[in-house]
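Just below is one structure, and these are the notes that go with it.
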Amino acid sequence: MDLHKKMALSNLWEIGIEEKQIENLDVLLLPENHGSADTKNLFDSQDAITFGKLLKKEGVKCANSYDLGLDLPTMERKSNDIWIGQLYVLNDFILPVITGVIGSLLAPLISQWKSRKDLRAPAGNAHAEITIVRPEGDIKIVYNGEPEALVKIIESLEKEKQQGND
């Protein structure tokens, strides 16, 4: 693992994750409250677990807290919102797959937003903290809002990466 990735992920060591566990991963999914002062009360969201399973189904080398040996409780929310948690993209060539998986995970919410007749009616939001680890500088997105906008933000990062490779 290069020095930049080690620095970007240095906060993982304090919760018991070792470098050798993540050195071959493309994506790392962490509890949404990772980084809070209270590391003893970390939890995974059910949506983040589902997201991780979808990524693995697409062939992405991905790990969540369970895969890393952390025995954390799962929080299942009773709302229309989707909570992806903290997503670390360690290899940004995988962005097109992440975009597709997030799009499919958020599709019911996007449909809900587009079909509501009364704009005052509640519609589910997407919540995510995404860090794309790049040697030229990390990109960090903290998002709480309309699901389609999150998909468009990730698509724009994907296009930016493709233009940089041309």
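Under the working numbering, the first residue of the sequence shown is numbered 25, with each subsequent residue one higher.
Every residue gets a Cβ at the ideal spot worked out from N, C-alpha and C, and that includes glycine.
Among Lys138, Lys102, Lys44, Leu53, which residue has its Cα nearest to the Cα of tyrosine 112?
-> Counted from its first residue, the sequence shown places residue 112 at position 88. By alpha-carbon distance to tyrosine 112, the top candidate from Lys138, Lys102, Lys44, Leu53 is Leu53.
Would you decide whether alanine 72 is buried or exposed? Buried here means 16 or more other CB atoms lie within 10 Å of its CB.
-> Translated into positions along the sequence shown, residue 72 becomes position 48. With 16 or more Cβ atoms within 10 Å of its Cβ, alanine 72 is classed as buried.
Which residues mark the beginning and the end of the beta strand (DSSP E) in which glycine 109 is found?
-> Start at 1 with the first residue of the sequence shown, and residue 109 comes out as number 85. Counting along the chain, the beta strand (DSSP E) containing glycine 109 begins and ends at 106–113.
Would you give the residue range spanned by the alpha helix (DSSP H) that lysine 164 belongs to?
-> Taking the sequence shown and counting its residues from 1, one reaches residue 164 at position 140. Per DSSP, lysine 164 belongs to no alpha helix (DSSP H); it is in the beta strand (DSSP E), 163–169.
Would alanine 152 pass as a contact of isoleucine 108 if the rule is Cβ separation under 8 Å?
-> Walking along the sequence shown from the start, residue 152 turns up at place 128. Walking along the sequence shown from the start, residue 108 turns up at place 84. For the pair alanine 152 and isoleucine 108, the CB atoms are nearer than the 8 Å cut-off.
Residue range of the unbroken alpha helix (DSSP H) whose run includes alanine 72 | In the sequence shown, counting from the first residue as 1, residue 72 sits at position 48. For alanine 72, the enclosing alpha helix (DSSP H) stretches over residues 70–81.
Residue range of the alpha helix (DSSP H) that glutamate 43 falls in?
-> For the purposes of this step, residue 43 is taken as the residue at position 19 of the sequence shown. It spans 43–46 - the alpha helix (DSSP H) in which glutamate 43 sits, taken as one unbroken run.
Isoleucine 156 and tyrosine 167 look like a contact to me (Cβ under 8 Å); what is the Cβ gap, rounded to whole Å?
-> Start at 1 with the first residue of the sequence shown, and residue 156 comes out as number 132. Start at 1 with the first residue of the sequence shown, and residue 167 comes out as number 143. No, isoleucine 156 and tyrosine 167 are not in contact; Cβ-Cβ is about 13 Å, not under 8 Å.
Per DSSP, the bridge partner or partners of valine 51 | As a working note, residue 51 is residue 27 in the sequence shown. Answer by DSSP bridge pairing, in chain order: Cys86, Val113.
Isoleucine 106 and leucine 129 closer than 8 Å at C-beta = Numbered from 1 along the sequence shown, position 82 holds the residue referred to as residue 106. Numbered from 1 along the sequence shown, position 105 holds the residue referred to as residue 129. In this structure, leucine 129 lies closer than 8 Å to isoleucine 106 by Cβ.
Terminal residues of the beta strand (DSSP E) in which isoleucine 156 lies = Numbered from 1 along the sequence shown, position 132 holds the residue referred to as residue 156. That run of the beta strand (DSSP E) goes 150–156.
Limits of the alpha helix (DSSP H) - the one that lysine 138 falls within | For the purposes of this step, residue 138 is identified with residue 114 of the sequence shown, where counting begins at 1. Unbroken alpha helix (DSSP H) run through lysine 138: 119–139.
Using a Cβ-Cβ cut-off of 6 Å (strictly less than) and excluding sequence neighbours within five positions of asparagine 88, which residues of its own chain qualify?
-> Counted from its first residue, the sequence shown places residue 88 at position 64. Within the same chain, asparagine 88 has close Cβ partners Leu53, Gly76.
Would you mind stating whether glutamine 136 and glutamate 56 have Cβ atoms separated by less than 8 Å?
-> Numbered from its first residue, the sequence shown carries residue 136 at position 112. Numbered from its first residue, the sequence shown carries residue 56 at position 32. At a Cβ-Cβ threshold of 8 Å, glutamine 136 and glutamate 56 do not count as neighbours.
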